[in-house]
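Sequential numbering from 1 applies to the sequence shown in full-length UniProt numbering.
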Amino acid sequence: MDEYNTNLPTSHLLGSVPAVVNEEKEKNTTNYEVPEANMQIFPPTNGGDRGGRGYQTLQSPSEGFEQQPANNWKGVFSISSYTQYFNVDTDIVINRLLSSLHPTSGDFFDKIDANPDLYGLIWISTTLVFVLASLGNCATYLMEKHTDKTSSWSFNVGYINTAACAVYGYAAVVPLAFYFLLQYMGSYADLVRFWCMWGYSLFIFVLASFLLLIPVEILRWIIIIVSGAASACFVSTNLKSKLQQNDVTIVVVAACFLQLALAVFIKVWFFP
């Protein structure tokens, strides 16, 4: 019965529609290759936006992040503009600390030329402040007990304020003064590099402060004079090698005098 029904013509059945084949469409159909897709960033900016850049492909992402012309005053008060001066690791800092202990090399500016840092300036200055405040009190205690064991001793809190004002003021103002002086004299000067060099020049005073705990006055003076002379030689040698001009002799002499004056101040005020 089923086989008989399947052989019946279906064209006369109600609701059946014969299939129509569009032969002309089949003849005219050709193979069409889809062009290579190119992902684009939406929305487009062609004509509607001020930039007028149109669609931007993902193959060149740098085009979508063009740097705008920075405002100089905004850059001064922006923290992000100073991050590049703290991009140093431990090996770089140790290498620069050791270079500051070789005062006659005169190649410190060459070492920091590609990446001057302010990390050393802040870290060394802060360390020197706490070292002077703490070891200065220890030194006065040892000297008083060495001379008179019955005398009373009290911790001098004022050492912290004096050390902070002296060290931070010196590390910030002196390089700034030399920068403006050299600019006035027509010589090339870089303020960040000056801050970096003067900051590392203070490292030798951190080491000398521990030796100044020795309760022998003549030995203390020898230690501080040698330390001040080494720091002064470090600053003057690098200034002379950087400037390489005959009219900056007064600048080199002034730098030596200020480093020695700082050394004498440390001895007289904190290690009397």
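No residue lacks a Cβ here, since even glycine has one placed at the ideal position from N, Cα and C. This one's a predicted model, so the numbers in the text were calculated from it and none came from an experiment.
Touch check for the region 201-211 and the region 119-131: three-plus C-beta pairs under 8 Å?
-> yes
Give me the Cα-Cα distance between Leu135 and Asp110, rounded to the nearest whole angstrom.
-> Here the question's residue 135 lines up with position 135 in the sequence shown. Here the question's residue 110 lines up with position 110 in the sequence shown. About 34 Å.
For Ser154, which option in Lys145, Leu176, Phe130 has the closest C-alpha, if you only look at C-alpha atoms?
-> Here residue 154 refers to the residue found at position 154 when the sequence shown is read from its first residue. Of the candidates Lys145, Leu176, Phe130, the one whose C-alpha sits nearest the C-alpha of Ser154 is Lys145.
Would you kindly work out how many angstroms separate the C-alpha atoms of Tyr119 and Ala232, rounded to a whole number?
-> Numbered from its first residue, the sequence shown carries residue 119 at position 119. Numbered from its first residue, the sequence shown carries residue 232 at position 232. For Tyr119 and Ala232, the distance between alpha carbons rounds to 21 Å.
Counting Cβ pairs, one atom from each stretch, are 3 or more of them under 8 Å apart for the region 155-171 and the region 255-270?
-> yes
Cβ atoms of Val174 and Leu258: under 7 Å apart, would you say?
-> Counting from 1 along the sequence shown, the entry for residue 258 is found at position 258. Counting from 1 along the sequence shown, the entry for residue 174 is found at position 174. Yes; because the gap between Cβ atoms is below 7 Å, this pair is in contact.
Distance, Tyr85 Cα to Val252 Cα = Translated into the one-based positions of the sequence shown, residue 252 becomes position 252. Translated into the one-based positions of the sequence shown, residue 85 becomes position 85. Taking the straight line joining both Cα atoms gives about 26 Å.
Looking only at C-alpha atoms, which of Gln183, Gly106, Val206 sits nearest to Ile223?
-> Residue numbering aside, residue 223 sits at position 223 when the sequence shown is read from its first letter. Of the listed residues, the one whose Cα sits closest to Ile223 is Val206.
Where Pro272 falls, given that 16 or more other Cβ within 10 Å makes a residue buried | Numbered from its first residue, the sequence shown carries residue 272 at position 272. Exposed, since its Cβ has fewer than 16 Cβ neighbours within 10 Å.
Continuous alpha helix (DSSP H) stretch holding Val192: start and end | Locating residue 192 in the sequence shown gives position 192, where the first residue counts as 1. Looking at the DSSP string, the run of the alpha helix (DSSP H) that includes Val192 is 191-201.
Should Ser100 be labelled buried (16 or more other beta-carbon atoms within 10 Å of its own) or exposed?
-> Here the question's residue 100 lines up with position 100 in the sequence shown. Buried, since its Cβ has 16 or more Cβ neighbours within 10 Å.
Where the alpha helix (DSSP H) containing Asp107 begins and where it ends | Position 107 of the sequence shown holds residue 107. Note, Asp107: premise wrong, no alpha helix (DSSP H); not H, not E.
Under a Cβ-count criterion, where at least 16 other Cβ atoms within 10 Å of its own Cβ denotes burial, should Ser152 be classed as buried or exposed?
-> To locate residue 152, count along the sequence shown from 1; it is residue 152. Exposed, because fewer than 16 other Cβ atoms sit within 10 Å of the Cβ of Ser152.
Give me the Cα-Cα distance between Thr90 and Ala177, rounded to the nearest whole angstrom.
-> Counted from its first residue, the sequence shown places residue 90 at position 90. Counted from its first residue, the sequence shown places residue 177 at position 177. If I take the Cα positions, the gap works out to 30 Å.
Are the beta-carbon atoms of Leu128 and Val167 separated by less than 7 Å?
-> Position 128 of the sequence shown, counted from the start, is the residue given in the question as residue 128. Position 167 of the sequence shown, counted from the start, is the residue given in the question as residue 167. It is a contact, given that the beta carbons lie within the stated cut-off.
Kindly give me the distance between the Cβ atoms of Ser227 and Gly106, rounded to whole angstroms, as I take these residues to be in contact under 8 Å.
-> Residue numbering aside, residue 227 sits at position 227 when the sequence shown is read from its first letter. Residue numbering aside, residue 106 sits at position 106 when the sequence shown is read from its first letter. About 19 Å; that fails the 8 Å criterion.
By DSSP, does Asn238 sit in helix, in strand, or in coil?
-> Here residue 238 corresponds to residue number 238 of the sequence shown, with the count starting at 1. Looking at Asn238 - three-state DSSP - the assignment turns out to be helix.
Proximity winner among Phe234, Phe270, Thr249, relative to Thr104 (alpha-carbon distances) | Here residue 104 is taken as the residue at index 104 of the sequence shown, counted from 1. For Thr104, the nearest C-alpha among the options comes from Phe234.
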